[in-house]
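Student:
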Amino acid sequence: MIRILMVFVALLIAVLVGSLIFDDKGYVFIDFAGYVVEMNVFSMAIMTILVIVGLLLFSWLIKKLIMIISGSKNWLGNWGSRKKKRAFTNGLIALAEQNYLEARKQLASIEQEDFDGLNLLAAAEAELQLQNPAGAQENWRLATSYPKSAFAARLCLVRDHLQNQRPVKALEILDELEDKQKRQRSVLILRAQALVQAGKWQELKDRLPSWKKALGEHYEHYMQLASKGNFAEIASKEGANQLKENWHSLPKSTRRDPALQAAYVKQLIDQDMHIDAEAALGEYHKNKPHPMLLPLYKELKLSQPTTSLKQLEQWLKADDMNVELLSTLGAVAYNAKDFSLAEKALSKAIKLGNRQQDILLLAKIKESQQDNQQALELYKQSLAQPNELSRTD
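If you read the sequence shown in the UniProt record's numbering, its first letter stands for residue 1, the second for the next number, and so on.
1. When DSSP labels each residue in this structure, what does Ser-382 get in the three-state scheme?
2. Is it true that the CB of Trp-315 sits closer than 8 Å to the CB of Glu-289?
3. Which runs of the beta strand (DSSP E), 3 residues or longer, sit entirely within the stretch 296 to 342?
4. Quick one: what's got a C-beta closer than 6 Å to Ala-123's C-beta in the same chain, skipping five residues either side?
5. Name the DSSP beta bridge partners of Ile-30, please?
6. Taking the runs of the alpha helix (DSSP H) that are 4 residues or longer, which of them lie wholly in the stretch 110 to 145?
7. With DSSP as the reference, label Leu-177 as helix, strand or coil.
8. Looking only at its own chain, which residues have a Cβ that is under 7 Å from the Cβ of Ala-336, when we skip the five neighbours before and after it?
9. Report the rounded CA-to-CA distance for Leu-76 versus Lys-85, giving the unit in angstroms.
10. Tell me which residues share the same chain as Thr-144 and place their Cβ nearer than 7 Å to its Cβ, disregarding the 5 neighbours each side in the sequence.
11. Spatial neighbours of Thr-307 within its chain, please: C-beta separation below 6 Å, excluding the five flanking residues on both sides.
12. Can you name the start and end residues of the alpha helix (DSSP H) that Glu-102 belongs to?
13. Counting only runs that start and end within the stretch 227 to 285, where is the alpha helix (DSSP H) found for 4 or more residues in a row?
14. Taking His-161 as the reference, which of Gly-54, Gln-137, Asp-358, Leu-325 has the closest Cα?
15. Taking only the alpha-carbon atoms, compute the straight-line gap between Lys-169 and Lys-205 and give it to the nearest angstrom.
16. Using only the alpha-carbon positions, how far apart do Leu-142 and Lys-64 sit?
17. Taking buried to mean at least 16 other C-beta atoms within 10 Å of its own C-beta, is Thr-328 buried or exposed?
18. What's the gap between the Cα of residue 395 and the Cα of Lys-182?
19. Could you check what DSSP says for Pro-209 in three-state terms: helix, strand or coil?
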């Protein structure tokens with residue numbers, strides 16, 4: 001508008017100056033089909049300027065009107081967008097507050113909106129908490145159509161299949177992932193779980209070495225499961241002797257894996273080959289106690305576990321306050337009917353750790369010795385101690 005006024009003033013000044021310089025106002029005669037207009041040049045210039053300014057003003061008003069109309073549309077659009085964002089925010093807050101019905105209500109109102117699939121992932125969680133797995137699965141499937149949420153949605157579907165014992169479907173989804181995604185730690189753990197559920201022991205066993213770095217502390221767990229399953233298949237189909245032959249045919253470097261050793265020894269015990277199991281423990285478990293191998297001593301059922309007792313006592317000389325070693329020694333002695341040694345080891349273990357499993361085993365010893373009063377007191381004492389399995393969970 002300021003520019004228009006400046007143009008108007010400039011033209012007006014030019015006309016005035018021109019008329020003064022030339023001292024000639026001139027004459028203009030216009031005939032419009034019988035309508036006659038007569039004026040001097042000065043008046044004509046002013047009229048022309050006014051027409052031009054009028055057209056410019058009209059153009060400016062039209063543009064302003066268009067801007068106002070467009071602005072109102074944008075305002076309405078922004079208002080709708082703010083309403084959707086508010087529903088999304090309220091849904092997430094309700095989900096965090098565990099108000100799942102409100103979360104479902106808020107998130108359902110924006111199901112068709114583009115939040116990169118985050119609204120669908122949140123809605124799936126709400127449905128899951130409301131015991132509606134079908135609704136959760138549907139939201140996860142919808143979320144797979146959004147690039148930014150597709151990977152997370154597929155992982156959720158995989159976990160759901162595994163939770164409901166559908167490993168084949170879980171593996172199908174995992175196979176569809178991109179190569180980069182397949183190498184992620186979370187995906188490898190899910191694939192290992194799926195292979196365990198599917199009983200594909202050999203495939204899991206073959207894949208684990210390349211996953212060792214990514215799996216970290218989970219590696220030994222899955223290697224033991226894979227080996228245990230694989231050895232169980234061999235033992236059930238071909239017998240215990242074939243199991244031993246298969247084990248000794250493995251490369252020495254492979255047999256050094258504690259997870260494999262534990263699985264092999266466990267299978268020998270399950271086949272009632274306790275002497276062979278003790279020999280294997282003595283061969284592979286010499287330097288220091290290993291958390292995967294030490295518990296297996298308690299499962300040995302031998303009348304003369306000389307090798308095992310000697311090994312445990314040797315470790316105790318270096319660490320006589322080790323509760324787990326004392327407990328293991330007590331269990332091995334108990335299974336060998338050496339109640340005197342068992343009572344001595346368990347009493348010390350209870351004094352140091354006061355664990356339920358040790359108290360119960362000592363109570364059994366007292367009961368076998370007809371010391372019912374002491375056995376009863378120990379049973380009562382065990383009730384005051386938390387169960388080790390529950391504590392682990």
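No residue lacks a Cβ here, since even glycine has one placed at the ideal position from N, Cα and C.
Tutor: The answer reads as follows:
1. Taken through DSSP and simplified to helix, strand or coil, Ser-382 comes out as helix.
2. Looking at the sequence provided, one finds Pro at residue 289 rather than Glu. Between Pro-289 and Trp-315, the gap from beta carbon to beta carbon is short of 8 Å.
3. Listed in chain order, there is nothing to give.
4. The residues are Leu-107, Asn-139.
5. Paired residues: Val-37.
6. Taken in chain order, the whole alpha helix (DSSP H) runs of length 4 or more contained in the stretch 110 to 145 are 118 to 129, 133 to 143.
7. Correct three-state label for Leu-177: coil.
8. Take Ala-336, set aside five residues on each side of it, and the residues of its chain with a beta-carbon closer than 7 Å to its own are Leu-302, Ser-303, Gln-304, Pro-305, in chain order.
9. Summary for Leu-76: the model assigns pLDDT 48, below 50, so the residue's position carries little reliability; its value from the coordinates is reported in the next sentence. Rounded to the nearest angstrom, the two C-alpha atoms are 14 Å apart.
10. Within the same chain, Thr-144 has close Cβ partners Ala-150, Ala-153, Arg-154.
11. Cβ neighbours of Thr-307 beyond the five flanking positions: Glu-278, Gly-282.
12. In the DSSP annotation of this structure, the continuous segment of the alpha helix (DSSP H) that includes Glu-102 starts and ends at 100 to 108.
13. Inside the stretch 227 to 285, DSSP marks whole alpha helix (DSSP H) runs of 4 or more residues at positions 240 to 248, 252 to 255, 258 to 270, 274 to 284, from first to last along the chain.
14. Closest by alpha carbon: Gln-137.
15. Straight across, the Cα-Cα distance linking Lys-169 with Lys-205 is about 21 Å.
16. In a straight line, the C-alpha of Leu-142 is about 44 Å away from that of Lys-64.
17. With 16 or more other Cβ atoms inside 10 Å of its own Cβ, Thr-328 counts as buried.
18. Residue 395 lies beyond the stretch modelled for the chain, which goes from 1 to 393, so this question has no answer here.
19. Helix.
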